[in-house]
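Scroll down for the structure; my scribbles are underneath it.
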Amino acid sequence: SGVISGNLISNVVASVDGYGITLSRLDTDTLAADPLSADVSILNNVVNNVTNWAGIDAHAGQGVSIVGNVVRGSRRGITVGSAKNATAVETWAATNITITGNSLYADRSDATYGIALTGAYVSLTNAANRKVLGGIIANNVVVGYGEDTALGGAIYTHLTVGAVISGNTVVEPRRTGIVVDLENDRLNIIGNTIVDPNASAGVAVGIKSTEGHNKFFVSGNSFARGNKTATILNTFAIQVGSATDTAFIGL
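To convert a position in the sequence shown, counted from 1, into this note's numbering, add 702.
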């Protein structure tokens, strides 16, 4: 357990997987020797210009809170993903993750996800997949994040159970504001504001599901036109992309 708070971190240069702040473990088969990070708060830090990968990262964190940070110019903003075993198989997923009140600014053309919350993926509907249990992504500002690809987006989830995405402001995401990728169960997307999703090809969408086997609820979100100029803007507010998805869409 611990607190990482009030730091200024700038200009992290790495050819592969650089981080401003990261919680991780060695890729071994035993948690007894190499446990998952647990009960850690990452609060009110400023991270600038992580050239290759994430401003803030937590591999399969347990009870991790990422609150009130500012990330600028990093390829990814905040990522919470899986931890691997000794043979590099994704094996452990995060639990009870809170990502709230952060401000994330891409400030670069090759940025990917602003916030990504993902489980341990082996293959689609594989019993070995491990889902994130309990996740809150709320009241963040995410500006300019997302790749110009079919799965590109500012906020991205896969393999979650009971996660909540609420009250976020997402500005000028490429191609999608919020991506519900695969096997998200009882995901709630409520009260977000998405401005000017844009793309050079395909479609630009506020909230999109894809890959399949998702069950999610959407309500009270706002989709707005801003000042962005792009080839494709604001194609759909909500797009359900797979026949195996179940979406409940409220007002």
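Even glycine gets a Cβ: it sits at the ideal position worked out from N, Cα and C.
Answer with buried or exposed for residue i, where buried requires no fewer than 16 other C-beta atoms within 10 angstroms of its C-beta.
| i | result |
| --- | --- |
| Thr-923 | In the sequence under discussion, the amino acid at residue 923 is Asn, which differs from the Thr named in the question. Buried: at least 16 other Cβ atoms inside 10 Å. |
| Ser-712 | exposed |
| Val-715 | exposed |
| Asn-828 | exposed |
| Ser-767 | buried |
| Leu-733 | exposed |
| Leu-728 | exposed |
| Ser-776 | buried |
| Thr-859 | buried |
| Ala-735 | exposed |
| Ala-865 | buried |
For residue i, collect the residues of the same chain with a Cβ closer than 8 Å to its Cβ; drop the 5 residues on either side in sequence, then sort them by chain order.
| i | result |
| --- | --- |
| Leu-861 | Ala-795, Thr-820, Gly-821, Ala-822, Tyr-823, Asn-831, Arg-832, Lys-833, Val-834, Leu-884, Glu-885, Asn-886 |
| Ala-926 | Thr-895, Ile-896, Val-897, Asp-898 |
| Val-907 | Arg-877, Thr-878, Gly-879, Pro-899, Thr-937, Phe-938, Ala-939, Ile-940, Gln-941 |
| Thr-948 | Asn-916, Lys-917, Phe-918 |
| Ala-903 | Asp-850, Thr-933, Ile-934 |
| Ser-825 | Asn-831 |
In the DSSP output, what is residue i paired with across the bridge?
| i | result |
| --- | --- |
| Leu-889 | Phe-918 |
| Thr-730 | Thr-730 pairs with nothing; no bridge assigned. |
| Asn-831 | Looking at the DSSP assignment, Asn-831 forms no beta bridge with any residue, so it has no partner. |
| Lys-910 | Val-881, Gln-941 |
| Leu-710 | Val-748 |
| Glu-792 | Lys-786 |
| Ala-901 | Ile-934 |
| Val-766 | The partner list for Val-766 (beta bridge, DSSP) is empty, contrary to what the question assumes. |
| Tyr-823 | BP columns for Tyr-823 are empty, so no partner. |
| Asp-759 | Thr-724, Thr-781 |
| Arg-774 | Asn-750, Tyr-807 |
| Ser-954 | There is no way to answer for residue 954, as the model of the chain reaches only from 703 to 953. |
Among the options, whose alpha-carbon lies nearest the alpha-carbon of residue i?
| i | options | result |
| --- | --- | --- |
| Arg-774 | Gly-763, Asp-759, Thr-781, Val-752 | Val-752 |
| Asn-798 | Ser-811, Arg-777, His-761 | His-761 |
| Leu-853 | Ser-811, Asn-750, Ala-901 | Ala-901 |
| Gly-770 | Gln-764, Gly-904, Asn-787, Val-843 | Val-843 |
| Ile-867 | Asn-890, Gly-848, Gly-704, Pro-875 | Asn-890 |
| Ile-817 | Ala-734, Thr-800, Arg-810 | Thr-800 |
| Ile-706 | Gly-722, Ser-717, Gly-869 | Gly-722 |
| Ser-743 | Leu-826, Lys-917, Gly-704, Lys-910 | Gly-704 |
| Ala-945 | Glu-913, Ala-788, Ala-785 | Glu-913 |
| Asp-719 | Gly-765, Ser-811, Asp-759, Gly-803 | Asp-759 |
| Asn-929 | Lys-910, Phe-950, Ile-909, Glu-874 | Glu-874 |
| Leu-710 | Gly-763, Val-772, Val-872 | Val-772 |
| Ile-838 | Pro-737, Phe-950, Thr-789, Val-782 | Val-782 |
| Asp-809 | Ser-825, Thr-724, Arg-778 | Arg-778 |
Tell whether a beta-carbon distance below 8 Å holds between residue i and residue j.
| i | j | result |
| --- | --- | --- |
| Gly-846 | Tyr-815 | no |
| Ala-813 | Ile-780 | no |
| Arg-888 | Val-905 | no |
| Asn-750 | Gly-708 | no |
| Phe-918 | Val-882 | yes |
| Asn-754 | Ser-717 | yes |
| Gly-763 | Leu-745 | no |
Might you give, ordered along the chain, the residues of its own chain that have their beta carbon closer than 6 Å to the beta carbon of residue i, omitting 5 neighbours on each side?
| i | result |
| --- | --- |
| Ala-921 | Note on residue identity: the sequence assigns Ser, not Ala, to residue 921. Cβ within range, chain order: Ile-892, Gly-952. |
| Gly-765 | Ala-740, Asp-741, Asn-798 |
| Asn-841 | Thr-802, Gly-803, Gly-869 |
| Asn-787 | Asp-731, Thr-793 |
| Gly-848 | Gly-854, Gly-855, Ala-856, Pro-875, Arg-876 |
| Ser-726 | His-761 |
| Ser-805 | Val-772, Val-843 |
| Thr-724 | Asp-759 |
| Phe-950 | Phe-919 |
| Thr-871 | Val-843, Thr-895 |
| Thr-789 | none |
Give every residue of the same chain whose Cβ lies closer than 7 Å to the Cβ of residue i, excluding the five residues on either side of it in the sequence, and list them in chain order.
| i | result |
| --- | --- |
| Gly-971 | Because the chain here runs from 703 to 953, residue 971 falls outside it and cannot be looked at. |
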